[in-house]
Amino acid sequence: MLPANLISALRVLSRSDKPLVAGATDAPAAIAKVELGQKLQASVQSEIGQGIFKVQIAGQSIQMRLPENIKSGDVLELEVIATQPRITFRMAASTNPLSTPEQIGGTARLLSNLTERPLERPVVQQLGSKAVWPAEQQVPDTKQLAGALREALANSGLFYESHQAQWVRGERSTAQLLVEPQNQLTGKQSILTEPNQPSPQEPTTTQSSQPTKVSGDTGLPIAKELLPLVQQQLHTLETHQLTWIGQVWPGQEMQWEIQGQPEHQAPRQQSEREWSTEMELALPRLGDVHARLVFAESGLRMTLHAADAGTIELFNRALPQLRNALADAGIPLTSALVEKP
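Heads up, the sequence shown is in full-length UniProt numbering, so the first residue is 1 and it goes up one at a time.
In structure tokens:
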């Protein structure tokens with residue numbers, strides 16, 4: 001999980017050409033009192049997990065995530081660059097320096113540049129004009145519609161890099177990747193394959209490429225058409241929130257918001273994380289409807305807002321049926337509220 005202060009950390013890293021090192025959330029008192037800009041010497045004691053090390057700072061042992069080339073016995077000079085929501089260090093020096101600081105700094109500068117540009121589009125638009133449920137005269141099957149909505153979100157391009165990793169492992173086909181926006185650039189070559197090479201029949205680790213170079217008005221090595229999408233990816237990483245707009249069936253627009261609660265933001269008294277989703281529709285017979293669902297391990301909380309009094313009455317009559325249907329699916333409905341906005 002990325003730190004909550006992702007953008008500020010990127011900006012610091014882009015100016016420093018040095019890697020960031022995340023400190024423990026519950027740091028010992030001697031370390032918790034550090035100030036911005038303060039430098040501390042750290043001794044790497046042992047690796048306790050992949051990329052996780054036991055490090056001694058100011059006579060206290062804490063766990064830290066360090067670059068993969070660091071090993072036990074290394075001595076680090078760390079500089080404090082953030083104290084909230086967790087202490088974050090910059091590696092100022094090391095007895096085992098990184099081999100490619102320029103690459104790290106260049107990537108950080110690119111991401112920092114993107115985060116500082118105005119977010120051109122705060123939502124993810126549906127790819128193409130085809131409705132999620134294309135059968136105009138057929139009542140949507142709820143399970144099939146749910147699956148189609150999941151596919152629409154999955155193919156939005158927000159998760160393209162993770163899908164590439166699945167493709168390399170043989171878990172996703174080339175055809176599945178080709179439908180995503182990164183491979184739909186009009187008049188440009190797909191970024192999935194190298195120039196003058198046929199599309200792979202099977203996933204392979206040797207197949208790679210670079211995005212199309214942008215025109216000179218941006219100076220970023222990302223296709224101009226993809227800038228809003230890449231910015232939206234960064235926005236989603238930072239806020240754990242995304243909004244999708246598209247047609248759920250012909251002529252019916254929907255705004256769909258999904259928000260996850262980062263682990264470090266969960267209240268101490270709350271042992272489980274929550275995910276929420278909100279939908280807004282203007283339906284021809286029911287009028288304006290807004291639904292908010294909050295999912296947790298304990299069950300589902302639901303709030304329905306409807307502008308029309310008849311719609312509210314209809315929803316209330318249908319609540320027992322909905323509760324039973326959710327129970328059959330193993331989802332307890334812990335609370336339900338139907339009211340006017």
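Virtual Cβ for every residue (Gly too), placed ideally from N, Cα, C.
In DSSP terms, what residue i is bridged to
i, result
"Ile-52", "Gly-49 and Arg-65"
"Phe-295", "Trp-275 and Leu-300"
"Ala-42", "Ile-57 and Leu-76"
"Gly-287", "Leu-283"
"Asp-182", "According to the sequence shown, residue 182 is Gln rather than Asp. BP columns for Gln-182 are empty, so no partner."
Under the three-state DSSP convention, the category residue i falls into
i, result
"Ser-162", "helix"
"Asp-328", "helix"
"Thr-277", "strand"
"Leu-242", "strand"
"Asp-133", "Before going further, note that residue 133 is Trp rather than Asp in the sequence given. In the structure shown, Trp-133 sits in coil (DSSP, three-state: anything other than H, G, I, E or B)."
"Lys-224", "helix"
"Ala-58", "coil"
"Gln-321", "helix"
"Val-230", "helix"
"Ala-307", "coil"
"Val-168", "helix"
"residue 359", "Any question about residue 359 goes unanswered here, given that the chain covers just 1 to 341."
"Gln-138", "coil"
"Gln-126", "coil"
Cβ separation of residue i and residue j, assumed to be a contact under 8 Å, to the nearest whole Å
i, j, result
"Pro-320", "Leu-300", "15 Å between Cβ atoms; not a contact."
"Gln-259", "Gln-241", "4 Å"
"Thr-243", "Val-124", "7 Å"
"Lys-340", "Ala-291", "Their Cβ separation, rounded to whole angstroms, is 14 Å, which puts Lys-340 and Ala-291 out of contact at 8 Å."
"Gly-246", "Ala-152", "6 Å"
"Leu-227", "Pro-181", "So it is not a contact: roughly 12 Å between Cβ atoms."
"Thr-303", "Val-289", "Rounded, the Cβ-Cβ distance is 11 Å, inconsistent with contact."
"Gln-63", "Ile-70", "So it is not a contact: roughly 13 Å between Cβ atoms."
"Leu-66", "Gly-157", "32 Å between Cβ atoms; not a contact."
"Gln-45", "Gln-56", "6 Å"
"Thr-334", "Ser-298", "6 Å"
"Ala-296", "Glu-274", "5 Å"
"Ala-58", "Ile-31", "6 Å"
Opening and closing residue of the alpha helix (DSSP H) in which residue i lies
i, result
"Gln-144", "142 to 154"
Residue i beta carbon near the ligand ATP (any heavy atom closer than 7 Å)
i, result
"Thr-83", "Absent from the structure shown: the ligand ATP. Ligands present: none."
Host beta strand (DSSP E) of residue i (start-end)
i, result
"Leu-177", "Unbroken run through Leu-177 is the alpha helix (DSSP H), 174 to 178; no beta strand (DSSP E)."
"Thr-334", "333 to 339"
"Gly-260", "252 to 260"
"Leu-78", "75 to 82"
Three or more C-beta pairs under 8 Å: does that hold for the region 33 to 46 against the region 73 to 81? yes
Three Cβ pairs or more, each shorter than 8 Å: is that satisfied between the region 277 to 292 and the region 244 to 255? yes
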